[in-house]
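Notes for the one structure printed next.
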Amino acid sequence: MTIFEVNQLTIDMTNDIECKKQIIKLLATKSVAKYKAFDNAEIVFEDIKKSLQALMADLKKELKTLGEDIPVEYKEVGKYEIEFKVAGDLLLFYMHTNIFEFPKSHAVMQQSYVRDDPTRAYCGIISIYNFLADSFKYNRLNDVGYLIGRIFVNKDSNFLVEGKRQMGFIFNNYGTQKMNDESLQKIIETALKYSIELDLIVPPYRSVSIVSVQEMQNITSSVSLKTGKPLGFRSKADAKSMK
């Protein structure tokens, strides 16, 4: 082996060692942070299940006292999905099994809490959707649901809530708040109140004045006729119309 070949081999071995060190460093920082964030989000999701079951019992008790027969139902669809039905509304809680990082443009990325440790930007996400209960009951596949809030949980168990109206204001101090029973109850009740307050709006006459034969044949399953609460679930660009 020539001197050049020996030197090249040494360089290659050094590069391999450095690469392995970098991999280990990434696993010890980024991957560990993601696993911790997932575990913490999973704990929060399990607490959501308990809070929803307690809320269901309370609502049923209060409604019974008032003599009102309003359906309140709790259902675990899977380990990471819950349906909570109250009257004509259905809240769907869903925990994603992957971990996400806030985009660079997000406000939390400018906080010293995240700048001091970038792995604090990795979060598990629990999303809260609102659907019409009848959409699931009658399997109306073309009906729409809307994201009304989402909970971000990181490796430190700190959390942030983004959402519509009140949902976006109650817990937005990322890095200074940890989830507890009181916070979770407030998030759930705010989401439910917001959903119940939104009414199904009569669609404009022109948008439903022409119906095909196929649409009429499928109307019971709503394959073609879409139903939802459009006015209450606009993006930030439509915020002015919601005020």
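If you read the sequence shown in this note's numbering, its first letter stands for residue 1026, the second for the next number, and so on.
Glycine included, every Cβ here is placed at the ideal spot set by N, Cα and C.
For Thr1215, the enclosing alpha helix (DSSP H) begins and ends at 1206-1222. A contact between stretches requires three or more CB pairs, one per stretch, nearer than 8 Å, and the region 1080-1090 fails this requirement with the region 1186-1196. An exposed status is given to Leu1051, since fewer than 16 other beta-carbon atoms sit within 10 Å of its beta-carbon. For Tyr1138, the closest of Glu1222, Leu1172, Gln1202 by C-alpha to C-alpha distance is Gln1202. The beta-carbon distance between Tyr1147 and Ala1062, rounded to whole angstroms, is 5 Å. This is short enough to meet the 8 Å contact definition. A straight-line Cα-Cα distance of about 38 Å links Asp1072 and Pro1228.
Asp1181 is positioned such that its CB atom lies closer than 9 Å to that of Arg1145.
Counting the other Cβ atoms within 10 Å of the Cβ of Asn1183 gives 16 or more, which makes it buried. Here the alpha carbons of Ser1056 and Asp1114 stand approximately 38 Å from one another. Under the DSSP definition of a beta bridge, Arg1175 partners with Ser1152, Glu1187.
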